[in-house]
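These protein sequence lines map, in sequence, to chains W and A. Numbering follows my numbering, in which position 90 of the first sequence is assigned residue number 523; successive positions increment by one, without gaps. Numbering follows my numbering, in which position 133 of the second sequence is assigned residue number 134; successive positions increment by one, without gaps. Where is the CB? At the ideal position from N, CA and C, for every residue including glycine. Report on one structure; see the data block that follows.
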Amino acid sequence: MAATHLNSASIFLLTFSLLFLVMGHEASNSGQYPVVVSTWPFLEAVRAAWRVVDNGFSAVDAVVEGCSACEELRCDGTVGPGGSPDENGETTIDALVMDGVTMEVGAVAAMRYIKDGIKAARLVMQYTEHTLLVGEQASAFAISMGLPGPTNLSSSESMEKWIKWKENHCQPNFWKDVVPVDSCGPYHAKHFLGSSHGTCSKTTLMENIKSRSSHVGRHNHD
Amino acid sequence: TISMAVFDKMGNIAVGTSTNGATFKIPGRVGDGPIAGSSAYADDEVGACGATGDGDIMMRFLPCYQVVESMRLGMEPNLAAKDAISRIARKFPDFVGAVFAINKKGVHAGACHGWTFQYSVRSPEMDDVKVYTVVP
Chain W
434 MAATHLNSAS
444 IFLLTFSLLF
454 LVMGHEASNS
464 GQYPVVVSTW
474 PFLEAVRAAW
484 RVVDNGFSAV
494 DAVVEGCSAC
504 EELRCDGTVG
514 PGGSPDENGE
524 TTIDALVMDG
534 VTMEVGAVAA
544 MRYIKDGIKA
554 ARLVMQYTEH
564 TLLVGEQASA
574 FAISMGLPGP
584 TNLSSSESME
594 KWIKWKENHC
604 QPNFWKDVVP
614 VDSCGPYHAK
624 HFLGSSHGTC
634 SKTTLMENIK
644 SRSSHVGRHN
654 HD
Chain A
2 TISMAVFDKM
12 GNIAVGTSTN
22 GATFKIPGRV
32 GDGPIAGSSA
42 YADDEVGACG
52 ATGDGDIMMR
62 FLPCYQVVES
72 MRLGMEPNLA
82 AKDAISRIAR
92 KFPDFVGAVF
102 AINKKGVHAG
112 ACHGWTFQYS
122 VRSPEMDDVK
132 VYTVVP
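Right, dumping it as C-alpha cells:
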C-alpha cells in the first residue's frame, strides 16, 4: 500500500512541476510582450503605439494609434494628408487594419477628403462585413460614421511640388506606350508601325523597366 | 508608408498600414497599402509582417502573406523575410521594397531590395524605440 501511495505522490509532484514548467515557460514567454514594430524610423508613431499597448489596451487600438500618429505628423511625407499628389495635384489616403486573432480586416483605398485613414479602416472592420471601401464612397462612409471631413488633403508643399512637376512637362510619370511621351496629357495609345509581335514589345518592356525604376524610391513609394 | 505590427500584453497581434501612395500617380491608382497580405498580415498563431515599397509590383506577390506562411512552416523570420523579397526580385530585378517579419516569440528581422531599409522596434527590455538598419 505504502508503495502505491509513494507512486501517486511522485506522479502528482511530477505533474505539478511539469505544469509549473509549462506555465513558467508561458510566463517567461509573455515577458517578451508587448512588442511594437514599424517600418522606417517613425519613432513617434512607435512611441504612440507603445503608450497604448503598455497601458493594457488591445493590439488593434495600439496599431490605430501608432498609424494615426504618422498621419498627423506625416512622418516622411508618404503618410497622411499633404503628401504624394496625384497627376491632378490631389492627395488621397490608403489604409488597412487587420486583427491577427479574428483575421478580420478593414481597409480604405484612394479615399478623398478624409485625413484619418486608419480610423476609417477600423470603422470598415468594426461596422461592416466588407474588407475594402474605395474612393468617394469610402469618404462618404467615413463621414457618415463620424469622422471629420470633407477636408482638402493637399498642402502648400504638395501643391508646390505638383506645380514644379507640371512645369517640367509632367515628368517623370507612370504612363507607358502612349503619346505624347515627353509632355503632359491627354495621352493616347502609341500605335506601332507594322507588327505587334514580341520583338517590338520586348524592347519597350526593357525601356519600361528602366524608366520605372527611375522614379520609384525612398520618397515615392507605398 | 507606415506599416506597423503590435503584440499586446495578452499576445494578441494586430497590424496596420497607412499611406498616401505614389507621387504623381495616375488618379485612381491604389498601391498595396490597403491590400491585406501585401503591406501587412498577421496570424496570432504564427506572427506578423509589415512591408513598404513599390506597391504596383508588391501587390502582385503578397509578400507579407508569404512571410507569415513561411514562418508557419517553420522558417525563422530573417529567412522568411529574405525569401519573400527574393521571389519578387527574381521577376522584377529593379523593384524597390522591404519587409519586416516578427514571430510570436518576438524574434524579428528585415529584408529589402533596391534600397537600404530601416524598421523600428519597442519591446519591454528597451527604454525607448530601437532602429534596425537592413541593407539589400
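task: Could you work out which residue in A:Phe-101, A:Met-59 and A:Tyr-66 is closest to Ala-90 of chain A when comparing CA atoms only?
output: A:Met-59
message: Between Ile-86 of chain A and chain W, is the shortest Cβ-Cβ distance under 9 Å, so that the two count as touching?
response: no
message: Taking its Cβ as the centre, do 16 or more other Cβ atoms sit within 10 Å of Ala-622 of chain W, making it buried, or is it exposed?
response: exposed
field: Host alpha helix (DSSP H) of Leu-476 of chain W (start-end)
entry: 476-487
- request: Could you tell me the boundaries of the beta strand (DSSP E) in which Val-135 of chain A lies?
  value: 131-135
query: In chain order, what residues of the same chain have a beta carbon less than 7 Å from the beta carbon of Val-497 of chain W, not counting five sequence neighbours either side?
result: Val-530, Ile-551, Lys-552 and Arg-555
- prompt: Since Asp-33 of chain A meets chain W, which of its residues come closer than 8 Å, beta carbon to beta carbon?
  reply: Asp-655
message: Would Thr-525 of chain W and Asn-21 of chain A qualify as a contact pair, given that the criterion is a beta-carbon distance under 9 Å?
response: yes
task: Quickly, what does DSSP pair His-109 of chain A with across the bridge? List them, please.
output: A:Ile-103
task: Show which residues of chain W have a CB atom less than 9 Å away from the CB atom of Asp-114 of chain A.
output: Reading off the sequence, residue 114 of chain A comes out as His, not Asp. What His-114 of chain A touches in chain W: nothing, since even the nearest Cβ is about 11 Å away.
query: Could you give the residue range of the alpha helix (DSSP H) that holds Ala-466 of chain W?
result: Reading off the sequence shown, one finds Tyr at residue 466 of chain W, where the question assumed Ala. From DSSP, Tyr-466 of chain W is part of no alpha helix (DSSP H); its letter is neither H nor E.
- prompt: Below 8 Å, can you find three or more Cβ-Cβ pairs linking the region 53-70 of chain A to the region 566-578 of chain W?
  reply: no
message: Check whether chain A comes within 9 Å of Ala-482 of chain W, counting only Cβ atoms and requiring the distance to be less than that.
response: yes
- request: Establish whether the CB of Phe-62 of chain A and some CB of chain W are separated by less than 9 Å.
  value: no
- prompt: Can you find at least 3 beta carbon pairs, one from the region 585-592 of chain W and one from the region 561-572 of chain W, that sit closer than 8 Å?
  reply: no
Length of the line joining the Cα atoms of Gly-631 of chain W and Ser-39 of chain A: Any answer about Gly-631 of chain W is weak, because its pLDDT of 45 lies below 50 and its placement is not dependable; what the coordinates show is given next. In a straight line, the C-alpha of Gly-631 of chain W is about 31 Å away from that of Ser-39 of chain A.
message: Could you tell me the alpha carbon to alpha carbon distance between Val-485 of chain W and Asp-44 of chain A, rounded to whole angstroms?
response: 21 Å
- prompt: Cβ of Ala-99 of chain A within 9 Å of Cβ of Val-135 of chain A?
  reply: yes
message: Let me check one thing: in DSSP terms, what residues is His-621 of chain W bridge-paired to?
response: W:Val-612
message: Under 9 Å, Cβ to Cβ, is there at least one residue of chain A near His-652 of chain W?
response: yes
- prompt: Where Gly-115 of chain A and Arg-545 of chain W are concerned, what is the direct C-alpha to C-alpha distance, given to the nearest angstrom?
  reply: 31 Å
- prompt: Hey, is Ser-4 of chain A's beta-carbon within less than 9 Å of any beta-carbon in chain W?
  reply: yes
message: Cutting at 7 Å between CB atoms, please list the residues of its own chain near Asn-13 of chain A, excluding the five before and the five after it.
response: Asp-45
- prompt: Quick one: Cα of Gly-516 of chain W to Cα of Leu-74 of chain A, how far?
  reply: 39 Å
Whole-angstrom distance between Gly-464 of chain W and Leu-439 of chain W, CA atom to CA atom: Caution applies to Leu-439 of chain W, whose pLDDT of 47 falls short of 50 and renders its modelled position unreliable; the model cannot decide the point.
message: Which residues in chain A have a C-beta closer than 7 Å to the C-beta of Val-541 of chain W? List them in chain order.
response: Pro-35
- prompt: Going along chain W in order, which residues have a C-beta closer than 8 Å to the C-beta of Gly-75 of chain A?
  reply: Going along chain W, no residue has its Cβ under 8 Å from Gly-75 of chain A, so there is no contact; the nearest lies around 18 Å.
- prompt: What runs of the beta strand (DSSP E), each 3 residues or longer, lie entirely inside the region 28-103 of chain A?
  reply: 41-44 and 48-54
task: Report the partner residues of Asp-656 of chain W according to the DSSP bridge assignment.
output: What the structure shows of chain W is the stretch from 434 to 655, and residue 656 of chain W is not part of that stretch, so it cannot be assessed.
DSSP state of Ala-502 of chain W mapped onto helix, strand, coil: helix
field: CB contact flag (Glu-477 of chain W, Cys-508 of chain W, <9 Å)
entry: yes
task: Would you identify the three-state DSSP class for Val-7 of chain A, choosing helix, strand or coil?
output: strand
- prompt: Mapping DSSP to helix, strand and coil, what is His-139 of chain A?
  reply: It is not possible to answer for residue 139 of chain A, since the shown part of chain A is limited to 2 through 137.
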